[in-house]
Amino acid sequence: MAELLLPHAASSSDTLAVADEFGSTNWKNFNARVNQLIRALRRKGLKTGDAFSVLSGNRREYVEAFAAAAHGGWLLVPINWHLVASEICYILENSESKALLIDSRFYDLGLQAISLKNIPNISAIVVMGELKTNNSDQLRSIFSYEEFLAEQTSEEPEGQSLGGPMFYTSGTTGHPKGVKSALSQTGTSVGTLKMIGDGLSSMLSIQPGGKTLLVGPIYHSAQWAFSFLPMLAGSSIVMRHKFDESETLKLIDKQEITNIHLVPTQFIRMLRLEKEEKASFQGSSLKVVWHGAAPCPPQIKKQMIEWWGPVICEYYGSTEGSIVTTVSSEEWLARPGTLGKPTPITEIVVVKEDGTTAEAGESGQLYVRNLMGSDFEYHNDPEKTAEAHKEPGLFTFGDVGYLDQDGYLFLSDRKIDMIISGGVNIYPAEIEGVLVNHESVLDAAVFGIPNEEYGEEVKAAVQLAEGVPVHESLAAELIAYCREHLAGFKVPKSIDFETELPRQPTGKLLKRILRDTYWKEQERKI
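Residues are numbered in our numbering as their position in the sequence shown, beginning at 1, plus a constant of 39.
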């Protein structure tokens with residue numbers, strides 16, 4: 040049996056491991072299928088240290104793929120299914136993926152991405168769900184996922200070594216970057232991940248034998264960390280492809296869910312439900328509800344604590360640094376706005392502009408160190424890796440904040456250009472690059488403005504080329520142009536037209552001048 044699944048497959052063979060809209064899998068069968076997938080990928084030529092990609096919604100096979108990568112010594116590259124074909128093509132090529140596991144719902148999108156370039160590394164396309172045959176690729180093998188597994192024995196594979204995910208994060212400039220954990224490098228013992236899973240579950244108050252409800256996309260690093268890692272400690276997963284506020288409440292009660300990860304947008308949608316529907320929710324099984332990925336408006340968080348009780352906990356972290364701080368309901372109510380204290384395995388160093396270490400209460404750039412020695416690198420990008428590090432093992436997300444006298448973290452700013460909409464990080468440079476390619480546009484600035492439901496929405500300010508008049512359909516024309524070249528969540532919701540964008544003599548764009556008009560009345564600006 041796969042090493043990390045052995046205890047659960049042996050002692051809890053008939054109990055639930057993972058469930059989705061299509062069915063459920065017990066621990067015994069889950070372990071067997073993971074073993075088959077490891078063998079099948081090896082047969083297609085994947086060696087320790089290789090990468091394979093997954094383009095899929097939330098489904099059981101995705102979790103099997105994560106487990107296979109963890110035991111096969113591979114990098115699993117989760118691909119955001121909201122991306123357009125050109126963006127997917129870049130990730131497949133940059134990651135040097137040797138295989139693509141694809142949800143049948145995104146089959147055409149995946150083949151379109153591959154067809155944009157000849158990506159010779161991909162030796163197999165494995166389709167989860169119904170296999171379509173109308174767009175066969177003559178250059179490589181296309182398999183049904185079930186047939187792919189069925190050809191292999193379920194016996195425990197030899198030579199297991201630790202692998203893990205390589206999440207791609209949007210860059211402030213250029214293409215997204217693959218984040219590679221030092222622990223996922225060749226030769227690390229699989230048992231290391233078991234220790235991490237146990238430690239994380241304990242730190243997050245997720246009990247062995249608990250049940251996680253996954254309603255956010257597992258291609259997101261936080262959703263993976265809060266579902267898959269606790270699974271290695273014995274927690275099962277109930278997942279849905281998309282979040283629905285009414286269904287979520289019903290599932291928590293019906294499935295006796297013990298833990299869930301949510302983002303503020305989901306809080307807002309549940310709080311807007313009818314009084315009768317909210318009153319019928321019991322939530323007695325919930326032990327902990329984690330939220331992060333985006334700032335939560337204080338009034339929203341207070342309402343959730345009043346409704347669900349002191350099970351609401353928050354964390355601060357990133358794909359690069361995992362979970363850095365945590366804060367309970369009680370701590371947050373005593374110190375509104377705090378993101379909590381560093382975890383037992385994390386150190387935060389606040390560095391002032393002059394390079395010296397800040398005292399308590401002094402603001403500066405936040406640097407993080409994992410006390411267990413874990414670090415990261417950007418795939419094939421040593422320059423970006425070096426930029427993020429002050430020294431080996433000490434790195435920054437670019438955020439600015441301070442630690443108070445008691446060691447609680449408060450953010451005073453964040454990566455100034457980044458937009459966080461519904462928990463999704465959006466970087467303006469890519470959007471600006473698309474806009475200035477339009478013949479009517481001379482200059483463009485993209486930034487986030489307040490949105491009651493999503494926290495922020497994408498706003499563009501445009502300086503038109505000489506001689507181009509402003510007319511009532513121009514904004515719609517530019518938005519449509521962006522939609523042709525960008526994933527939907529990156530497309531500006533509205534466009535302002537400026538005579539001239541504010542720039543310093545050096546050429547630096549002063550976005551704060553544009554942004555502050557919209558944020559000056561807001562309680563929280565990060």
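Ideal Cβ placement from N, Cα and C applies to all residues, glycine included.
Inter-residue Cα distance where the pair is L170 and P375: 51 Å
3-residue-minimum beta strand (DSSP E) runs that sit fully inside the segment 105–158, ordered along the chain: 114–118 and 136–142
Whether E353 touches G322 by CB criterion (8 Å): no
Selected residue, minimal CA-CA separation from E190, among R78, G202 and E295: R78
Given 8 Å, three or more beta-carbon pairs between the segment 407–418 and the segment 334–351: no
Cut-off 6 Å between Cβ atoms - residues of its own chain near L548, not counting five sequence neighbours on either side: A484 and R542
Under the three-state DSSP convention, the category F182 falls into: strand
Check whether P256 and N97 have beta carbons under 8 Å apart: yes
Reduced DSSP category for P269 - H, G, I as helix; E, B as strand; rest coil: helix
Counted within 10 angstroms of its Cβ, other Cβ atoms place D456 as buried (16 or more) or exposed: buried
Other residues of its chain near G403: CB distance less than 6 Å, five sequence neighbours each side excluded: V389, V390, K391 and A397
Identified DSSP bridge partners for I581: Any answer about residue 581 is impossible in this case: the structure gives the chain only from 40 up to 565.
Local Cβ density within 10 Å of N74, reported as buried at 16 or more and exposed below that: buried
Collapsed DSSP secondary structure at T545 in the structure displayed: Residue confidence for T545 is low, a pLDDT of 46 falling below 50, so the modelled location carries little weight and cannot support an answer.
Which residues DSSP lists as bridging G440, in chain order: G403 and L450
DSSP three-state assignment for R374, whether helix, strand or coil: coil
Environment of H510 [buried if 16+ CB atoms lie within 10 Å]: exposed
Whole-Å CB distance - K326 paired with V350, under 8 Å assumed: 7 Å
Proximity to L517 [Cα-Cα], best of Y406, E478 and Y207: E478
Presumed contact (8 Å Cβ cut-off) between P336 and P303, rounded CB distance: 7 Å
Euclidean distance between Cα positions of W558 and V123: 31 Å
Q305, enclosing alpha helix (DSSP H) - first and last residue: P303 to L310
Residue environment, I552, which counts as buried when at least 16 other CB atoms sit within 10 Å: exposed
Pairwise C-alpha distance: I153 and C128: 6 Å
Own chain residues within Cβ distance below 7 Å of P381, not counting five before or after: V363, T364 and I387
Expected contact under 8 Å - CB spacing of L448 and Y520 to nearest Å: The Cβ separation is near 41 Å, so there is no contact.
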